[in-house]
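Report on one structure; see the data block that follows.
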Amino acid sequence: MHEETITLARSEADGYEIALRRRIQGNFSSDELIINGAFAMDSTRAMSEIVLAEALGPNPGHVLVGGLGLGFTAAHLLEVGATQIDVVELSTPLIEWAQEGLTETLGKVASDPRASLRHGDVATLLAGQPTIPGLFGPWDGICLDIDNGPEYLIHEENARLYTPEGIRAALAHLNPGGKMAIWSQGPSKEFWFDLTSIDENATERLVQVEKSNRRMDYAIYTVNRPEELGV
Ligand SMILES: C[S@@+](CC[C@H](N)C(=O)[O-])C[C@H]1O[C@@H](n2cnc3c(N)ncnc32)[C@H](O)[C@@H]1O
2 MHEETITLAR SEADGYEIAL RRRIQGNFSS DELIINGAFA MDSTRAMSEI
52 VLAEALGPNP GHVLVGGLGL GFTAAHLLEV GATQIDVVEL STPLIEWAQE
102 GLTETLGKVA SDPRASLRHG DVATLLAGQP TIPGLFGPWD GICLDIDNGP
152 EYLIHEENAR LYTPEGIRAA LAHLNPGGKM AIWSQGPSKE FWFDLTSIDE
202 NATERLVQVE KSNRRMDYAI YTVNRPEELG V
């Protein structure tokens, strides 16, 4: 069987190394995202990214998505009828590759009139600094998938987002009744404790995915905006 890996695009702009690769095996092909030399995700096992979007429930309304990745969370939100999605992504080249339609899912997201793709740092935005001109909430929902999880940071600067203060500050960007969903590569006891101390109806859902003959238990957390935020 013919096997080949093609680099579709690669950039080291702003010291942030990011690459899109296509793996071809016979008639089958899949896309991979590499960040700072490490495998971030691929298109064959994107179920948990879709569950992240589903966690906001039907009719998700106006949603903030951080970050873009291969676009699966954003695409699913559009599929289930989000009225508008604001996707905030740290890598400008990745946004450009989406606009060029380098992968089918990224192209679908970028060309949807309900989607706006913005370059920026979602952690800074949610900490309350309006660093992205013209982009502000409140949103009906927030989907966050920017690290490998609260205990497995890709970007150390994102750490504040997962603290109780960071979670409360993020929830302040939601409309009443709004919900935030967070992706993690595994369950985190400390994070779960913090979420349930903010919202007794917070949820933790494990999603099993086979990866290189290993079973991964990814975790999807949801937390609702409490009536009293205390921020
Ligand atoms: C694992 S991918 C997201 C996958 C996405 N849920 C999907 O369905 O394909 C993580 C993305 O978050 C971006 N990112 C990391 N930190 C960020 C931040 N602070 N603000 C915005 N984007 C960030 C990365 O560049 C990357 O594109």
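Per the working numbering, the very first residue in the sequence shown carries number 2; after that it's consecutive. Beta carbons: idealized from backbone N, C-alpha and C, even for Gly.
Near ligand 1: residue i beta-carbon under 7 angstroms from a heavy atom
{"i": "Ser185", "result": "no"}
{"i": "Phe73", "result": "yes"}
{"i": "Ser92", "result": "yes"}
{"i": "Glu97", "result": "no"}
{"i": "Met42", "result": "yes"}
{"i": "Ala171", "result": "no"}
{"i": "Ile147", "result": "yes"}
{"i": "Leu34", "result": "yes"}
{"i": "Asn159", "result": "yes"}
{"i": "Val123", "result": "yes"}
{"i": "Gly142", "result": "no"}
{"i": "Ala83", "result": "no"}
{"i": "Ala10", "result": "no"}
{"i": "His156", "result": "yes"}
{"i": "Val89", "result": "yes"}
Cut-off 8 angstroms between Cβ atoms - residues of its own chain near residue i, not counting five sequence neighbours on either side
{"i": "Arg161", "result": "Ala124, Ala128, Gly167"}
{"i": "Pro165", "result": "Asp195, Ser198, Ile199"}
Buried versus exposed call for residue i [16 or more other C-beta atoms within 10 Å across all chains shown]
{"i": "Glu33", "result": "buried"}
{"i": "Phe29", "result": "exposed"}
{"i": "Ser112", "result": "exposed"}
{"i": "Gly72", "result": "buried"}
{"i": "Asp87", "result": "buried"}
{"i": "Asp15", "result": "exposed"}
{"i": "Phe137", "result": "exposed"}
{"i": "Asn225", "result": "buried"}
{"i": "Asn202", "result": "exposed"}
{"i": "Gly58", "result": "exposed"}
{"i": "Ser198", "result": "exposed"}
{"i": "Glu50", "result": "buried"}
Own chain residues within Cβ distance below 6 angstroms of residue i, not counting five before or after
{"i": "Thr93", "result": "His120"}
{"i": "Arg11", "result": "Ala20"}
{"i": "Gly67", "result": "Val89, Val123, Leu145, Ile147"}
{"i": "Glu4", "result": "Gln26"}
{"i": "Ala56", "result": "Ala182, Ile221, Thr223"}
{"i": "Ser117", "result": "Asp87"}
{"i": "Pro188", "result": "Ala220"}
{"i": "Ile7", "result": "Arg23"}
{"i": "Asn37", "result": "Glu18"}
Residues near residue i by beta carbon distance below 7 angstroms, same chain, minus five either side
{"i": "Pro61", "result": "Leu78, Val81, Ala83, Asp141, Gly142"}
{"i": "Asn214", "result": "none"}
{"i": "Arg259", "result": "For residue 259 there is no data in the structure shown, the boundaries of the chain being 2 and 232."}
{"i": "Asn159", "result": "Ala124, Ile147, Asp148"}
{"i": "Ser31", "result": "Arg24, Asp43, Ser44, Thr45"}
Within-8 angstroms CB hit, residue i to chain B
{"i": "His120", "result": "As a matter of chain content, chain B is missing from the structure shown, which is built from one protein chain."}
Given 8 angstroms, three or more beta-carbon pairs between the stretch 96-104 and the stretch 140-152: no
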